[in-house]
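Per our numbering, residue 37 is the first one in the sequence shown, and the count goes up by one each step.
Cβ coordinates follow ideal geometry from the N, Cα and C atoms, glycine included.
Predicted model only: the values in this text are computed from it and were never measured.
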Amino acid sequence: MKTARIVLTAGNIGNHHFYLRQCPEMIPEGGLGGTSKADRGTPFTVRFEPGPTVDTDVAKDKMIFRDRKGTRAFFEGTAAAAGDVVVLEQVGEREILVRLEK
């Protein structure tokens with residue numbers, strides 16, 4: 037299974053997202069959607085630990101999870117700070133586990 041690590045910035049935390057540009061291989065086939073909700077990709081499951089489990093795609097213009105509510109809850113639940121590392125692990129064909137390393 038694939039794994040990726042992303043170092044958080046203050047901007048990531050303030051805007052409730054992190055970029056997947058450095059790890060496009062983590063996006064399941066078809067999971068890359070268009071620039072608007074009308075042109076969504078095929079949803080896949082993102083399980084935040086701690087936090088919710090969401091079905092989302094990735095907005096190709098921004099390379100972030102389209103559903104940012106899950107990311108926000110994850111950041112709040114972990115007290116994420118700039119410099120912390122988000123770890124993404126592929127745990128199934130269409131499922132990603134997201135956790136934080138301080």
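Check: Identity of the residue in 107, 69, 123, 132 nearest residue 138 by Cα; Outcome: 123
Check: Strand pairing of residue 81, partner residues [DSSP]; Outcome: 91, 131
Check: 8 Å Cβ cutoff met for residue 85 and residue 133; Outcome: yes
Check: Closest by C-alpha distance to residue 82, when choosing among 126, 136, 58; Outcome: 126
Check: Identity of the residue in 93, 50, 78 nearest residue 56 by Cα; Outcome: 93
Check: contact_flag[the region 88-105, the region 54-71] where n(CB pairs < 8 Å) is 3 or more; Outcome: yes
Check: Residue 116 classed as buried or exposed, judged by whether at least 16 other C-beta atoms fall within 10 angstroms; Outcome: buried
Check: Simplified DSSP assignment, three categories, for residue 113; Outcome: helix
Check: The beta strand (DSSP E) enclosing residue 40, as first and last residue numbers; Outcome: 39-43
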